[in-house]
Amino acid sequence: MALLTPLLAFLYHLPQVYKWLLKPYYVASFFMAVAFVAVRKTPGVCDHLETQREDGNSCDFDWREVEILMFLSAIVMMKNRRAITVEQHVGNIILFSKVANVILFFRLDVRLGLLYLTLCIVFLMTCKPPLYMGPEYIKYFSDKTIDDELNRDGRVTWIVEFFANWSPECQSFASVYADLSLKYNCAGLKFGKVDIGRYGEVSKKYRVSASPLSKQLPSLVLFQGGKELMRRPQVDKKGRAVSWSFTEENIIREFNLNELYQKSKKLSKNKGEKPGQSQFPPVPEEEEPEQQGAQGEQSESKKDK
Numbered sequence: 001m002a003l004l005t006p007l008l009a010f011l012y013h014l015p016q017v018y019k020w021l022l023k024p025y026y027v028a029s030f031f032m033a034v035a036f037v038a039v040r041k042t043p044g045v046c047d048h049l050e051t052q053r054e055d056g057n058s059c060d061f062d063w064r065e066v067e068i069l070m071f072l073s074a075i076v077m078m079k080n081r082r083a084i085t086v087e088q089h090v091g092n093i094i095l096f097s098k099v100a101n102v103i104l105f106f107r108l109d110v111r112l113g114l115l116y117l118t119l120c121i122v123f124l125m126t127c128k129p130p131l132y133m134g135p136e137y138i139k140y141f142s143d144k145t146i147d148d149e150l151n152r153d154g155r156v157t158w159i160v161e162f163f164a165n166w167s168p169e170c171q172s173f174a175s176v177y178a179d180l181s182l183k184y185n186c187a188g189l190k191f192g193k194v195d196i197g198r199y200g201e202v203s204k205k206y207r208v209s210a211s212p213l214s215k216q217l218p219s220l221v222l223f224q225g226g227k228e229l230m231r232r233p234q235v236d237k238k239g240r241a242v243s244w245s246f247t248e249e250n251i252i253r254e255f256n257l258n259e260l261y262q263k264s265k266k267l268s269k270n271k272g273e274k275p276g277q278s279q280f281p282p283v284p285e286e287e288e289p290e291q292q293g294a295q296g297e298q299s300e301s302k303k304d305k
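Set out below in structure tokens:
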């Protein structure tokens, strides 16, 4: 059963995996991830490589290379235990494969190691993972709009994601957050995002560190009336983020989204709605001067009678 569950999950997401792998970023990443294996196993190329095998076969892995590849597999399995999306699984495999390739190429030949490392740096600087472009009900804030939107209507509850485009965790979480916005967005519960990698003042004001070492990206914060009610991950007294898994189940449970949605969806901005249908007390409307004058004349006529 332990093996059947991930297998079924992989088969379920298989069409999406094909779609992602056909994108230029993943195609290039795949070739870079298998570069050492291809060089070591390609006839005509591997014949000119050095080897530490006793049989002198330069087209097969020696014991040290096998050891490095086995260690890589163990690291990838450990990292993927905390992965929540297919993108994170694929990203971990690609990342640690490149690290292993750097070590293997430098061990084989310093010149090949420098060439591969240069390619990795150029790839990192010029190629970015594809951003999520699917459906969503999310409002994107800037440093000039976030405060106004959060304080515009005290009846509306906001869940805001603080993210950075360069963060792999934020990129992987994008599809999960978009799916939650499609399920739970309503008149009284809205979803927003702000890029603190771009707006540094927002990062300081809302105490979300944009440093790659802070582990606060992404951060989800619940606001009502412009005031923060809760956030995940939590931050301890030393300013360090408490480890937390950004799965859809954890978010629904921690933020109590089902109950919050049932209360918030009753809020409607339609003026024709009856006050009793809203969870918030209706705001009394002032009577127009003509109506007040007409009511005053009727009351005086009643007194004369």
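When we follow the UniProt record's numbering, the leftmost residue of the sequence shown carries the number 1, and every step to the right adds one.
Built from N, CA and C at the ideal position, the CB exists for glycine as well.
Since this is a predicted model, take the numbers as computed values, not measurements.
- Counting C-beta pairs closer than 8 angstroms gives three or more between the stretch 193-209 and the stretch 155-174, which meets the contact rule.
- With contacts defined as CB atoms closer than 8 angstroms, F246 and V176 qualify as a contacting pair.
- Pairing C59 with T42, the inter-Cα distance amounts to about 7 angstroms.
- Between K190 and K144, the gap from beta carbon to beta carbon reaches 8 angstroms or more.
- K227: member of the beta strand (DSSP E) spanning 227-232, first to last residue.
- Between P233 and E249, the alpha-carbon positions lie close to 15 angstroms from each other.
- In this structure, the straight-line span from the alpha carbon of G226 to that of D179 is close to 24 angstroms.
- Residue pairing of Q224 in beta bridges, as defined by DSSP: T157, K227.
- R107 and V99 have their C-alpha atoms roughly 13 angstroms apart.
- Assignment of G200 by DSSP, reduced to helix, strand and coil, places it in the helix class.
- If you look at F141, you'll find it in the beta strand (DSSP E) that goes 138-141.
- G192 is bridged by DSSP to K139, V160.
- In chain order, G113, Y116, L117, C120 place their CB closer than 8 angstroms to the CB of V102, counting only its own chain and leaving out the 5 sequence neighbours on each side.
- Separation of the CB atoms of Y137 and L182 is rounded to 6 angstroms, and the pair is thereby assigned contact status at 8 angstroms.
- Per the coordinates, the alpha-carbon of P130 lies some 13 angstroms from the alpha-carbon of A28.
- In the structure shown, the three-state DSSP call for V242 is coil.
- The beta-carbon separation of G197 and T157, rounded to 26 angstroms, does not stay under the 8 angstroms limit for a contact.
- For S209, the three-state secondary structure derived from DSSP is coil.
- The residue from W244, Y25, K265 with its alpha-carbon nearest to that of M125 is Y25.
- Per the DSSP secondary-structure output, S219 pairs in a beta bridge with F162.
- A direct Cα-Cα distance of roughly 57 angstroms separates R40 from D147.
- Here Q262 is exposed: its Cβ has fewer than 16 other Cβ atoms, across all protein chains shown, within 10 Å.
- Remark: C-beta atoms of S214 and R231 do not approach each other more closely than 8 angstroms.
- Within the same chain, and ignoring the five residues on either side of F105 in sequence, the residues whose Cβ sits closer than 7 angstroms to its Cβ are F36, L112, G113, Y116.
- Under the DSSP assignment, E249 falls in the alpha helix (DSSP H) whose first and last residues are 248-254.
- Annotation: the continuous alpha helix (DSSP H) that includes K183 extends over 168-184.
- It is roughly 17 angstroms from the alpha-carbon of Q224 to the alpha-carbon of I251.
- Under the three-state reduction of DSSP output, V102 falls in the helix class.
- In this structure, L257 places its C-beta atom within 8 angstroms of the C-beta atom of Y184.
- Under a 10 Å Cβ-count criterion, E50 is classified as exposed, with fewer than 16 other Cβ atoms of the shown protein chains found around its own Cβ.
- Of the candidates A74, S172, M77, the residue whose Cα lies closest to the Cα of M133 is S172.
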